[in-house]
Amino acid sequence: MSGVRAVRISIESACEKQVQEVGLDGTETYLQPLSMSQNLARLAQRIDFSQGSGSEEEEAAGAEGDAQDWAGAGSSADQDDEEGLVKFQPSLWPWDSVRNNLRSALTEMCVLYDVLSIVRDKKFMTLDPVSQDALPPKQNPQTLQLISKKKSLAGAAQILLKGAERLTKSVTENQENKLQRDFNSELLRLRQHWKLRKVGDKILGDLSYRSAGSLFPHHGTFEVIKNTDIDLDKKIPEDYCPLDVQIPSDLEGSAYIKVSIQKQAPDIGDLGTVNLFKRPLPKSKPGSPHWQTKLEAAQNVLLCKEIFAQLSREAVQIKSQIPHIVVKNQIISQPFPSLQLSISLCHSSNDKKSQKSATEKPSPEDHLYVLEHNLHLLIREFHKQTLSSIMMPHPASAPFGHKRMRLSGPQAFDKNEINSLQSSEGLLEKIIKQAKHIFLRSRTAATIDSLASRIEDPQIQAHWSNINDVYESSVKVLITSQGYEQICKSIQLQLNIGVEQIRVVHRDGRVITLSHQEQELQDFLLSQFVMDLKVAVRLWFSFPVTSVKIFQKVMFYKIANGVIFVDHSKKCSGIKWKVETLFIKWSCLCLHLALASYDFFQNSFQIFSRNFDLKCLQINYKHKEAITSKGVLFLKNN
Amino acid sequence: MGVVSQMPVAEGKSVQQTVELLTRKLEILGAEKQGTFCVDCETYHTAASTLGSQGQAGKLMYVMHNSEYPLSCFALFENGPCLIADTNFDVLMVKLKGFFQSAKASKIETRGTRYQYCDFLVKVGTVTMGPSARGISVEVEYGPCVVASDCWSLLLEFLQSFLGSHTPGAPAVFGNRHDVVYGPADTMVQYMELFNKIRKQQQVPVAGIR
Chain A
1 MSGVRAVRIS IESACEKQVQ EVGLDGTETY LQPLSMSQNL ARLAQRIDFS QGSGSEEEEA
61 AGAEGDAQDW AGAGSSADQD DEEGLVKFQP SLWPWDSVRN NLRSALTEMC VLYDVLSIVR
121 DKKFMTLDPV SQDALPPKQN PQTLQLISKK KSLAGAAQIL LKGAERLTKS VTENQENKLQ
181 RDFNSELLRL RQHWKLRKVG DKILGDLSYR SAGSLFPHHG TFEVIKNTDI DLDKKIPEDY
241 CPLDVQIPSD LEGSAYIKVS IQKQAPDIGD LGTVNLFKRP LPKSKPGSPH WQTKLEAAQN
301 VLLCKEIFAQ LSREAVQIKS QIPHIVVKNQ IISQPFPSLQ LSISLCHSSN DKKSQKSATE
361 KPSPEDHLYV LEHNLHLLIR EFHKQTLSSI MMPHPASAPF GHKRMRLSGP QAFDKNEINS
421 LQSSEGLLEK IIKQAKHIFL RSRTAATIDS LASRIEDPQI QAHWSNINDV YESSVKVLIT
481 SQGYEQICKS IQLQLNIGVE QIRVVHRDGR VITLSHQEQE LQDFLLSQFV MDLKVAVRLW
541 FSFPVTSVKI FQKVMFYKIA NGVIFVDHSK KCSGIKWKVE TLFIKWSCLC LHLALASYDF
601 FQNSFQIFSR NFDLKCLQIN YKHKEAITSK GVLFLKNN
Chain B
1 MGVVSQMPVA EGKSVQQTVE LLTRKLEILG AEKQGTFCVD CETYHTAAST LGSQGQAGKL
61 MYVMHNSEYP LSCFALFENG PCLIADTNFD VLMVKLKGFF QSAKASKIET RGTRYQYCDF
121 LVKVGTVTMG PSARGISVEV EYGPCVVASD CWSLLLEFLQ SFLGSHTPGA PAVFGNRHDV
181 VYGPADTMVQ YMELFNKIRK QQQVPVAGIR
């Protein structure tokens, strides 16, 4: 810092001579410092030969050695005498230790040299690497786990195998026992399918539908008996069963309901011929025992009997315009005037006698399987109704019957309301309605198909809808002319086929109801054909002439639909020419119409003239001669 | 809703002839015959054993049937509630013999023809008690309406058209409750009152209109 006086620092060297003694008067006697050689000797003595470079252990030993050296370097006898434990003997000259160490080092080096030279020869000594211990397993804990897991899994597998062995043993035992089935196990199997009860010492079963809601008075009980006619000495047959069922005698064999429609009414004398052809038995499931098939067949017979009983009861009770006839096992009714519907119960017993006589082959078209199936469904529907929750009384003390009927008393329903509750249609009426509809539908289809095959131009297409009702079907009919499909789209009819009539809905909204008469439908469709023809022809009339070629005797017009040859003898021009061409065009039109009309009218012109366009036909007739006399030849493109 | 009234027998004529007169009038009017009807009534009174020591008069209970409601049975007290029940009620009454005893010669009924004239239902019947005819009952029902006050005037007009001077006044059933929905029970109450009135008359009636 400026302005402050500098401090005087004096430096003294520390190399002072060691004080040997201090006199009594304060004078100090100094030791002579060591000379260069004395210093070197002192330092040499301090070298520790046992100490390596950079080794800590040896440094500690070296420190010890230093202290001991210092003790020796003092070369004062006083110190040595006090430390009697000092192993180091007072040295004679300072280089003694150095010399000793060097000498020992030399010895060792010589030894090493000798060993190495011997080893190099490899005759008496060789170098071998020291075998190392195996690496300590680092994955020790994981292997242990694996081994323990393996052991435990093996234990579990052992237990499972034991169990499986036992099971297979028991299964094989069962297989063996199957052949020697005993009565009780078979009875158990029977109980799984059928209701059994024990009465006295007999076992009876119930195969009627009473528990499912039927009201048929048949008892439907079968008896289970032990099959004891087995000879133990002989070999047990494959299909041996220790159990047998005995079904009531009137339910033996197999039965089915045959519904058929015949066109012509048979003579009264023919009634009573009972159709009894044996339908092949429905194949039972391969594993089912013989009593199962027997019982199922008997139950089917019972159901068919119930259906037939219900139908015949209704046939007799219900009043209809044409009464139904019930003869033996047939119910005959007439849904349409020329049609006869016959429902018969075909029951064939298993007697050998009847098998011989049943040689008739059933014609497949005769039997309407759909209606038979529907009958089964309807009777089951009726069964379910008796058991439904609507029928079951709530509270339990109320009478049986429809729920609303039970309320009709306390709520004072009058007759109209009560009638609306009760379903008025019986089984027979439903089946007759369905049969009518099926017949009407098939006949409509046949009519349309016959028209389509008979008439080539115009064409008729029918698109039947897949989703139909039991009482109603619908079909969409299109009538088009070839080449004019896009233009004549106006003839599209939707036919709704009901139970007794066909309702036709036109594209322009008109609704026409046709009766079940076949002829009515045919007439109507034919009228539609002609409507389409008229439209097509009108369009055709305006055909453009693409090219004209005039030869000496023949004129040749080429148009879209064909070629016209006109024979002419004189040339004409101007207005006469126009008239001529117009006349030719008109003639061709009529010719086309005539050809088309001829195709499907055939010989019955008179009948249809009432329905169709008279003008059209008359022109046709009028110009027939004109055409031929004029000599127009028209070749239509096909 | 309907009204039940009694038609007095014309002078010098029997019950049957009066009925024939009425029916002819209806047919001329244009009504179509639709079968027959029957309304009957049985009287019960509470048994003496249940009366106790008070000595009060036993209540009268009427059990009625109406062919218009074929599955129902009506049970009513004089000024009390009317019960509409199932036909099993008759069987129940047999079981309750100890509590309700049938009064002697009490069965009274009316039978006749049922006519339908558009929305009107007219029933003309002969009231009989035992073998003897006691009077004529006329019931007119207007189907579409169930509220009394709305159609009473229409009914009155219709009644006047064929009953002439014998048209009744508003039935007592309505009373003050003109706007309440009319039900079959009300019809039965009217019949009950009619039968009671006829029962009180001993001979062939000349009595006035209710």
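The listed protein sequences derive, respectively, from chains A and B. Residue numbers 1 to 638, in UniProt numbering, belong to the letters of the first sequence in order. Residue numbers 1 to 210, in UniProt numbering, belong to the letters of the second sequence in order. Where is the CB? At the ideal position from N, CA and C, for every residue including glycine.
Shortest Cα-Cα distance from A/Trp464 to any of A/Arg103, A/Ser453, A/Asn496 and A/Leu451 involves A/Asn496.
At a cut-off of 8 angstroms, the C-beta of A/Phe413 has a neighbouring C-beta in chain B.
Sorting A/Ser349, A/Ala315 and A/Pro337 by C-alpha distance to the C-alpha of A/Asn300 places A/Ser349 at the top. A/Ser344 is not a Cβ neighbour of A/Gln334, given a cutoff of 8 angstroms.
DSSP places A/Asp508 outside both helix and strand once states are collapsed to three, so it counts as coil. In the structure shown, the three-state DSSP call for A/Glu28 is strand.
For B/Tyr69, a Cβ of chain A is located within less than 8 angstroms of the residue's own Cβ. When the five nearest sequence neighbours on each side are left out, the beta carbons in the same chain lying within less than 6 angstroms of the beta carbon of B/Gln34 are those of Arg114 and Gln116, in order along the chain. The beta carbon of A/Met125 lies closer than 7 angstroms to those of Ile118 and Val119 in the same chain, with the five residues before and after it left out.
The beta carbon of B/Thr87 sits closer than 8 angstroms to some beta carbon of chain A. Cβ-Cβ separation between A/Leu478 and A/Ala315: approximately 43 angstroms, too far for a contact (criterion under 8 angstroms). Chain-order list of chain A residues neighbouring B/Pro184: Ala412, by C-beta distance under 7 angstroms. In the DSSP secondary-structure assignment, B/Phe77 is bridged to B/Met61. Contact of A/Ile225 with chain B by beta-carbon distance below 8 angstroms is absent, the smallest such distance being about 47 angstroms. For the pair A/Leu421 and A/Arg404, the Cα-to-Cα distance works out to about 7 angstroms. Residues of chain A whose Cβ lies closer than 9 angstroms to the Cβ of B/Ser72 are, in chain order, Ser408, Gly409, Pro410, Gln411, Ala412 and Phe413.
Contact with chain A is absent for B/Ile136, since none of that chain's Cβ atoms lies less than 8 angstroms from the residue's Cβ. Against chain B, the beta carbon of A/Ile418 has neighbours under 8 angstroms at Pro70 and Leu71, listed in chain order. Near chain A, meaning a CB-to-CB distance below 7 angstroms, no residue of the region 11-29 of chain B qualifies.
Here A/Asp48 is buried: its Cβ has 16 or more other Cβ atoms, across all protein chains shown, within 10 Å.
Below 8 angstroms, too few C-beta pairs join the region 96-112 of chain B and the region 153-173 of chain B to call them touching: fewer than three. A/Asn419 and A/Gly426 have their C-alpha atoms spaced approximately 15 angstroms apart. Taking all protein chains in view, the Cβ of B/Gly2 is crowded by 16 or more other Cβ atoms within 10 Å, so the residue is classified as buried.
A direct Cα-Cα distance of roughly 16 angstroms separates B/Val180 from B/Gly143.
In this structure, the beta-carbon distance from A/Gln519 to A/Gln482 does not fall below 8 angstroms. For B/Arg199, the enclosing alpha helix (DSSP H) covers residues Pro184 to Lys200. Between A/Leu243 and A/Trp194, the gap from beta carbon to beta carbon reaches 8 angstroms or more.
The straight-line gap separating the alpha-carbon atoms of A/Val475 and A/His506 is approximately 12 angstroms.
Taking each of A/Gln175, A/His219, A/Gln32 and A/Leu190 in turn and checking the Cα distance to A/Glu16, the smallest one comes out for A/Gln32. Note that the region 83-97 of chain B does not touch the region 25-34 of chain B; fewer than 3 beta-carbon pairs, one per stretch, sit closer than 8 angstroms. Beyond the five residues adjoining it in sequence on each side, A/Asp206 comes within less than 7 angstroms, by CB distance, of Lys195, Gly220 and Thr221 in the same chain, given in chain order.
Within the same chain, and ignoring the five residues on either side of A/Leu387 in sequence, the residues whose Cβ sits closer than 6 angstroms to its Cβ are Gly213. Following the DSSP letters along the chain, one finds B/His45 inside the beta strand (DSSP E) bounded by residues Glu32 to Thr46. For B/Ile198, no chain A residue has a Cβ inside 9 angstroms of its Cβ, as the nearest lies near 24 angstroms away. Using a 10 angstroms sphere on the CB of B/Thr43, the tally of other CB atoms reaches 16 or more, which defines it as buried.
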